[in-house]
Amino acid sequence: MAVAKRQGWQRRGGWAPLVASAVVLVGCLGGVDGPSTAGEGPDGNGDTIPRDPVLGTATVHRLTASQYRNSLRDLLPEGTTIPSSVPDFEPLGGYQSLAASLSAIDPRALEEYERIALDVALNVFSDPTRRDALVQCDVEAEGVPCIRSWVERFGRRVYRRPLEPSEITSYTDLFSTLAEKLPSPWEAAEFTLAAILQSPHFLFRVELGQPNLDEPGRRTLSSYEVAGRLAYLLTGSTPDDDLLDAAEADALTTPEGILAQTERILGGEDAGAGLARSFLGEWVSLRNLDSVEKSPELFPKFTGEVRAAMREEIELLFESVALGDDADLRSLLSTNRVFANGDLADYYGLPFPENVDRATFVETTLPEDNARGGILGRGALMAQLSNFQDSSPTKRGKFVRTRLLCGTIPPPPPDADTTLPDPDPNAPPMTLRQRLEVTHLAVDACAACHKQMDPIGFALEYIDAAGGTRTFDNGIAIDATATVMGQEVDGAADLGRVLAEDPTIGDCITNQFLLFATGSSPEDPHHEDLQALRGSVAEGGYRFMGLLRQVVTSDMFRLVTDG
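921 is the number that our numbering gives the last residue of the sequence shown; the numbers go up by one with no jumps.
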C-alpha cells in the first residue's frame, strides 16, 4: 500500500543515493578549469597575451531561476507541474547576467535541485499520458534499448548538445540497477529522469569554446554553445530541436547562420515574449516586482492581481514598440500608449471597454493631462523603485542615472547615516521632497551625489509608492518640477521627453543589451569595436531589431577570451 501511494521522500529516500551517484559520474564539466582563470597568460611560445578588452571570458553560466523554470517547462510534457519557487542567486551589481558566471551551487541549493528533480519526475511518471509523451517507447516491453533511445534524444535537449557514449551508458546503467530493485521499470525510468535533471550540464550553460589558432588568446564558441547562448537570449529557455539541428550541421559558426536562426525563432508563435520578459527582468530589474510589498493600510488597492498586470503591461509595451513596430527604443520613455486589463485600467483611472473580458489586455492611450507618460510613469517601475510606505526620489533618480544613462553613482561613505530622519512632530508638515532637500541637498557631504539623482526623482513624485497617481503629499500640493539635462521638466511625461532626446540613452540601451546577450561587461567601454556597434545602432535609428542583429552577428557574440 505504501508503494501505491507513491509519496515523495518516504519512497524516494532509499534510491536518492544511487541517483546522486549517477549525477556525479556524468556531472563533470570537462575542461572548465582550463580557460577560467583571469588575467594575462602565455601563448604557445611563452609570450604574454593581453586580455581582450571587449570579449567575455570563457566560462560556464548557471541558469537563473527563470531560465531553469522555463527550461523545465519546455523539456517536459504539457501539464507537468513546475514549481514556482526554485533556487536563485544574487545579482552582481544588479545584473544576474554577470553573476551567472560566478555563481556556484551551495549545499542548500543542491538539495533544492534534487527535490525539484524528484518531484517533477514523479509528476511526469505518475501520469501515463505525460510519461508516454516523454519516453515515446514502452519501457516495460523494451527495457534498456528503449531507455537508451530516450536518453539520447531527451539528453540532447537537456545538455544542449549530444551526450557522449559514456554519459549515455551511465544513465542506462543507473536504469538497469534500479530496475532490478524497484517494482516497475517505469519507476526506474522516473529516477533516471531525476538524475538527468540534476546534471551540471543542465544547470550550467557551458561557453568554453575552442582555441583560435590564428588569434592567440581568443576562443571560438562551438555551434552548440552558440545555440545555448542564442536560445536563452531570445526565449529565456533551452534550445529547441531545430536550433540543435542547426548546431549539429555546424551552421552557427557564421553571422549568416546565427541570423537565420534568430529570424526563425522570432518569427514563431509568441515570438518576443520570452525576450521581452528576460531583457526587462535584467535591464529594469523587472524580476524584482514579484517580491514588492506595500503598506496594506496605505495602498489597499495594490493587490497581487494589480502587480501582475503592471508587469504584463511593461512587457507588452516593450514587445509592441521594440518588436511589433520596430520603433526607436528611446520612444519607450515618451510613449503615451498603455496596455491594461480591467484591474490595471481601474488602478490607473482609465476607461475599460464594457464588451471586453476584463482579463484581456487592451491597448489604449493616456490622456494628455495624465501624470504618467513613458515607461518611467508606469506602476511596475515606480512601485519597485519605492519603499514600503513612501516613494523614493533617490532610488528613482539612481535608476535613471545608472540603467538609462549608464552613469555611475559612488556608494555613500562608510560612516554615512542613510536613514531619513522622522519628521519633527512640532514642525509644520513637509512633503518628502522638502525633507530630502533639507537632508540630502543642503549637506555638502551628501549633495554631490544626490544632486545627480534626487532632482530626477522629484519629477516622478506624481507617482506614489505603489505606482498610483497623486497630487498631494502629506496634505501639500506636489512639486514635480526639476532641472534635468539642463532643461526644465514637470512630471514623468516631461522627463521622458527630455531623456528620449538624449543620445546617451540609445548608447546605454546598446550597452545594456550587449551585457545581457553575452553575460559579460567589456573592460574598455570606449573600445573601437563598441564605438562601431553603438554607431551602427544609432545610424539605424536605435531600432531594437537592428540592435539585436548587430549583436548576434558580432564577434562579441561568437568569441570569448582565455581569461
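Don't be surprised by glycine CBs; every beta carbon is placed ideally from N, CA and C. A quick note: this is a predicted structure, and the numbers were derived from the prediction, not measured.
| Asked | Found |
| --- | --- |
| From Thr-827 to Ile-836, what distance separates their C-alpha atoms? | 11 Å |
| Please state if the CB of Glu-614 and the CB of Gly-414 are separated by a distance shorter than 9 Å. | no |
| Distance, Cα to Cα, Ser-643 vs Ser-636? | 10 Å |
| Since Ile-767 sits in a beta bridge, which residues does DSSP pair it with? | Answer is none; Ile-767 lacks a bridge partner. |
| Secondary structure at Tyr-426, three-state DSSP: helix, strand or coil? | helix |
| Bridge partners of Asp-686, per DSSP? | Arg-901 |
| I need the DSSP call for Phe-657, collapsed to helix, strand or coil. | coil |
| Using 10 angstroms around the beta-carbon of Met-811, count the other beta-carbons present and answer buried if the total reaches 16, otherwise exposed. | buried |
| Rounded to whole angstroms, what's the CA-CA distance from Tyr-426 to Gly-626? Just pull it up for me. | 22 Å |
| Can you name, in chain order, every residue of its own chain whose Cβ lies under 7 Å from the Cβ of Gly-927, other than the five neighbours on each side? | The requested residue 927 does not occur in the structure, where the chain is confined to residues 359 to 921. |
| DSSP on Val-444, reduced to helix/strand/coil? | coil |
| Specify whether the region 464-481 and the region 493-500 touch according to this definition: at least 3 beta carbon pairs, one from each stretch, less than 8 Å apart. | no |
| Val-918 lies in the beta strand (DSSP E); which residues open and close that run? | 917-919 |
| Exposed or buried, what is Gln-742 when buried is set at 16 or more other beta-carbons lying within 10 Å of its beta-carbon? | buried |
| Does the count of Cβ pairs from the region 464-484 and the region 514-525 closer than 8 Å reach three? | no |
| If we call anything under 9 Å between Cβ atoms a contact, is Leu-687 one with Gly-452? | no |
| Taking Asp-831 and Leu-790 to be in contact with their CB atoms under 8 Å, please state how far apart those CB atoms are, rounded to whole angstroms. | 6 Å |
| Take Ala-457 and list the residues in its own chain whose beta-carbon comes closer than 7 Å to its own, dropping the five residues that flank it on each side. | Phe-447, Glu-448, Pro-449, Leu-450 |
| Let me know if Thr-550 comes out buried or exposed under the rule of 16 or more other beta-carbons within 10 Å of its beta-carbon. | buried |
| So is Ser-595 buried or exposed if we call it buried at 16+ other beta carbons inside 10 Å? | buried |
| Beta carbon of Asp-822, beta carbon of Ser-750: below 9 Å? | no |
| What does a CB cutoff of less than 7 Å around Thr-694 pick up in its chain, not counting 5 residues either side in sequence? | As written in the sequence, residue 694 is Asn, which differs from the Thr given in the question. So the qualifying residues of the chain are Thr-723, Leu-724, Gly-731. |
| Which two residues bound the contiguous alpha helix (DSSP H) that contains Phe-549? | 543-554 |
| How far does the beta strand (DSSP E) with Thr-841 in it reach, from first residue to last? | 839-842 |
| Kindly indicate which residue of Asp-432, Glu-470, Gly-437, Ser-459 has the alpha-carbon position closest to the one of Pro-445. | Glu-470 |
| Are there three or more Cβ pairs, one per stretch, closer than 8 Å when the region 541-558 is compared with the region 579-593? | no |
| Would you be able to state if there are at least three C-beta pairs under 8 Å between the region 434-441 and the region 485-493? | yes |
| Around the Cβ of Arg-431, are there at least 16 other Cβ atoms within 10 angstroms (buried) or fewer (exposed)? | exposed |
| Which of the three DSSP states is assigned to Gly-397 in this structure? | Because the pLDDT of Gly-397 is 40, which lies under 50, any placement of that residue in the model is unreliable, and the question is left without a value. |
| Count Cβ pairs between the region 698-705 and the region 662-678 that sit closer than 8 Å; are there 3 or more? | yes |
| Please report how far the alpha carbon of Ala-416 lies from the alpha carbon of Ala-890, in whole angstroms. | 24 Å |
| Within its chain, find whatever has a CB closer than 7 Å to the CB of Ser-879; leave out the 5 residues flanking it on each side and keep chain order. | Leu-456, Leu-873 |
| Out of curiosity, what's the CA-to-CA distance linking Gly-513 and Gly-735? | 46 Å |
| Could you tell me which whole alpha helix (DSSP H) segments of length 4 or greater appear in the region 664-748? | 700-706, 737-742 |
| On the three-state DSSP scale, how would you describe Arg-488? | helix |
| Cα separation between Ser-524 and Gly-501? | 19 Å |
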